[in-house]
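Enquirer: Residues 5 to 501 (my numbering) make up the sequence shown, in order.
Glycine residues also receive a C-beta, built at the ideal position from the N, C-alpha and C atoms.
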Amino acid sequence: MRCYEKKRLLDSIDLLYKAADDLKNNRTYSEKTEILQLSQQMAITIGENIEEHCGCDTRTVRLLEELCEILYKAFNNLDATEHYATLLKLHIEKIEKSITDEIKCEKLKILFLPYKLSMWTAMESIWEAAMKDDECHVSVVPIPYYNIADKDNITMSYEGMEYPKEINIIDYRGYDVEKEHPEIIIIHNPYDNANKITSIPEEYYSKNIKKHTECLVYSPYFTFSTYDVTKSSFLFIQPGTLYSDKIIVQSERVKELFMSLGFSDKRLMVTGSPKADAVRKYTKENVDMPEEWKEKLEGKKVFLLNTHLNYFPRSFENALKTGNNYAVRFHDEILEAIKDRDDVGLIWRPHPLLKNKVYDSAKECIEYIEYFEKQLIESNNCVIDTYGEYKYSFAYSDAMISTWSSLINEYMITEKPVMIFQGKISEEVIKEAVINRNLNYFRFGDGGITFLEFIENVKCGIDEKKEERMNNLKQAFTNFGGNAGQEAYVQLKNILI
């Protein structure tokens, strides 16, 4: 018998207890008759269910038959129902114990439904914990998605073939969610059709897959840092968060933010972020450098350049109004500081959906982006990270230069320094923040430095803010040591069993 089916049997037992309690109340004869009839029908249904899965010769079925006899006697002695109610409760206790002890469960089924490989880190450490459990049957089914940014050229992508070989990937066309009915389904995409850049097939919308599981779990593909009620609430209120039974939460502070928006604390699991687990493993000892990077990067201090999805479009829009194209200016400045040096190298990792975005709403950016790519390709010390996962960039860079991006939060977990293109966040926002991003380095504002100055500091091992930054992160992530996924799996299993 499946775990969820056994759980439903035990839920039915709870209803039998309630019916026995109702008999003790001052009920009319007709009400007592109805309670006894419904109880008998429930006992028969439970028995038939057990016979279907476990056969007729079980102690539990015999106890249910005896329960029906007690119900029949109570039906013929309605004046003595209080006495029979006591007998019923004692007998129901025996049935409950028998179901618990006698009926064995099949393996717990857990289904992971990622779509983009770069977001697999939101699930990876939960998957690792589940794979170690002999009582769990694990399925990883990457689903396709539509690129919808360019309304005139909507395409479908599928990244299932790109996942690491150690993951036994199941083709989505060969997995029937309704038939399999996994007890737990884990998703990382909360948007369904509410995203303007990508969308997933309707059958995988959270409201639809919720029908085919006992516990739909949302594990955020990003980590929470700053919070502004006027700008950040959309991250908390999406279809996936609204339909999920459980939401994996990185800290008590994030739980408070969810609850301030009306979420019940019973739905929020403060286990830490599985993404933090993944990042802490992204080291040179655990990750092999891509062969095509070695000639350009080996033996150098390497900087990861992270460009956010909206950075170029907003800059080009600003240039139309003010003439100030800051994205071009700063990317050129970084090129000048790093390109073709023998002592330092650069990995550029633009947002995976950057080109989708510019083709949709900022085609004027394309020419510069292609120019920038060409400069890196032709250099002797720069590479472009086009891998689905960012583990190579994280493992083989010594520092990051970034626009504002959620990737900053994750890179901070590596304990390496970060420099941000812009200026610091206001103190008012920092007071409400989950992570204090002001503990990084900035291009502008009080204490601002140039990209070249930051590069030289990293070369010399200067990182004056490291200790304070790491103390803050340990508050921002529960189970910061790398056990978030294990804790999440244990809690989910305990809920189901």
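Leu443 to Arg6, Cα distance in whole Å?
Expert: For Leu443 and Arg6, the distance between alpha carbons rounds to 50 angstroms.
Enquirer: Could you work out which residue in His192, Asn151, Ile424, Trp131 is closest to Thr202 when comparing CA atoms only?
Expert: Per the Cα distances, Asn151.
Enquirer: Should Ala480 go down as buried or exposed, given a rule of 16 or more other Cβ atoms within 10 Å for buried?
Expert: Result: buried.
Enquirer: Measure the beta-carbon distance from Lys470 to Glu419 and round it to whole angstroms, keeping in mind my assumption that it falls under 8 angstroms.
Expert: Confirmed, Cβ separation roughly 7 angstroms.
Enquirer: Assign Lys305 to one of three DSSP states: helix, strand, or coil.
Expert: Three-state DSSP puts Lys305 in a strand.
Enquirer: Count the CB pairs spanning the segment 81-91 and the segment 99-119 that are closer than 8 angstroms, and state whether there are at least three.
Expert: The segment 81-91 is not in contact with the segment 99-119.
Enquirer: Give the straight-line distance between the Cα atoms of Met416 and Ser237, rounded to the nearest whole angstrom.
Expert: Computed Cα separation, rounded: 23 angstroms.
Enquirer: Tell me whether Ser236 sits in a helix, a strand or coil according to DSSP, three-state version.
Expert: If DSSP states are grouped into helix, strand and coil, Ser236 belongs with coil.
Enquirer: Do Leu68 and Ala47 have their CB atoms nearer than 7 angstroms?
Expert: In this structure, Ala47 lies closer than 7 angstroms to Leu68 by Cβ.
Enquirer: Note down the Cα distance separating Ile424 from Val145, rounded to an integer number of angstroms.
Expert: C-alpha separation (whole angstroms): 36 angstroms.
Enquirer: Is it right to say Gln45 is buried, meaning 16 or more other beta carbons lie within 10 angstroms of its own, or is it exposed?
Expert: Classification for Gln45: exposed.
Enquirer: Given a cut-off of 7 angstroms, decide if Leu313 and Lys361 are closer than it, judged by their beta-carbon atoms.
Expert: Cβ distance < 7 angstroms, so Lys361 and Leu313 count as in contact.
Enquirer: Is there contact between the segment 206-220 and the segment 177-191, where contact requires at least three CB pairs shorter than 8 angstroms?
Expert: Enough Cβ pairs lie closer than 8 angstroms, so yes.
Enquirer: Can the beta-carbon of Ala341 be found less than 7 angstroms from the beta-carbon of Tyr315?
Expert: No, they are not a contact pair.
Enquirer: Out of Asn498, Ala492, Asn384, Lys11, which one is the CA nearest neighbour of Val253?
Expert: When only C-alpha atoms are compared, the closest one is Ala492.
Enquirer: Determine the direct distance from the alpha carbon of Pro168 to that of Ile17, and round the result to whole angstroms.
Expert: Approximately 45 angstroms between the Cα atoms of the pair.
Enquirer: Could you tell me how far apart the beta carbons of Asn413 and Thr227 are, in whole angstroms, since I believe they sit closer than 8 angstroms?
Expert: With a Cβ gap of about 4 angstroms, Asn413 and Thr227 count as contacting.
Enquirer: With three or more beta-carbon pairs closer than 8 angstroms as the criterion, would you say the segment 441-461 touches the segment 275-291?
Expert: Not touching, per the Cβ criterion.
Enquirer: Who does Cys219 pair with in a DSSP beta bridge?
Expert: Paired residues: Ile188.
Enquirer: Given this structure, state the Cα-to-Cα distance separating Asp61 from Glu70, to the nearest angstrom.
Expert: Asp61 and Glu70: Cα-Cα distance of roughly 14 angstroms.
Enquirer: Given a cut-off of 7 angstroms, decide if Phe116 and Ile190 are closer than it, judged by their beta-carbon atoms.
Expert: Yes, the pair counts as a contact, with Cβ atoms nearer than the cut-off.
Enquirer: Assign Lys113 to buried or exposed, taking buried as 16 or more other Cβ atoms, counted over all protein chains shown, within 10 Å of its Cβ.
Expert: Buried: at least 16 other Cβ atoms inside 10 Å.
Enquirer: From Lys305 to Tyr391, what distance separates their C-alpha atoms?
Expert: Cα to Cα, the separation comes out at about 21 angstroms.
Enquirer: Roughly how many angstroms separate the alpha carbons of Thr64 and Leu94, rounded to a whole number?
Expert: Between Thr64 and Leu94, the C-alpha separation is close to 14 angstroms.
Enquirer: Going by the CB atoms, is the gap between Ala24 and Gly489 shorter than 7 angstroms?
Expert: Not a contact, by the Cβ cut-off of 7 angstroms.
Enquirer: Which one of His57, Val221, Tyr8, Glu97 has the shortest CA to CA distance from Tyr21?
Expert: Comparing Cα-Cα distances from Tyr21 to each of His57, Val221, Tyr8, Glu97, the minimum goes to Glu97.
Enquirer: Kindly indicate which three-state DSSP category Leu313 falls into: helix, strand or coil?
Expert: The answer is coil: DSSP assigns Leu313 none of H, G, I, E or B.
Enquirer: Sorted by chain position, which residues of the same chain lie with C-beta nearer than 8 angstroms to Leu477's C-beta, five sequence neighbours on each side aside?
Expert: For Leu477, where only same-chain residues beyond five positions count, the Cβ hits under 8 angstroms are Met416, Ile417, Ile439, Phe484.
Enquirer: From the DSSP output, in three-state form, read off Gly276 for me.
Expert: It is coil, neither helix nor strand.
Enquirer: Using only the alpha-carbon positions, how far apart do Phe376 and Thr287 sit?
Expert: When rounded, the distance between both Cα atoms is 28 angstroms.
Enquirer: Mind checking which residues open and close the alpha helix (DSSP H) that includes Ala84?
Expert: Unbroken run through Ala84: none, as it is neither H nor E.
Enquirer: In terms of alpha-carbon separation, which member of Ile338, Ile381, Glu302, Asn329 lies closest to Asp347?
Expert: Taking only the C-alpha atoms, the option nearest Asp347 is Glu302.
Enquirer: Ignore the nearest five residues each way along the sequence and tell me which others in Asn384's own chain have a CB closer than 6 angstroms to its CB.
Expert: The residues are Asp344.
Enquirer: Among residues of its own chain, excluding the 5 on either side of Leu14, which ones have a beta-carbon nearer than 8 angstroms to its beta-carbon?
Expert: Cβ within range, chain order: Glu100, Ile103, Thr104.
Enquirer: If contacts are defined as beta-carbon pairs under 8 angstroms, then Tyr179 and Ser143 qualify, I think. What distance do you get, rounded to the angstrom?
Expert: About 7 angstroms; that satisfies the 8 angstroms criterion.
Enquirer: From Thr32, Asn29, Glu52, pick the residue whose C-alpha is nearest to that of Glu9; which is it?
Expert: Of the listed residues, the one whose Cα sits closest to Glu9 is Glu52.
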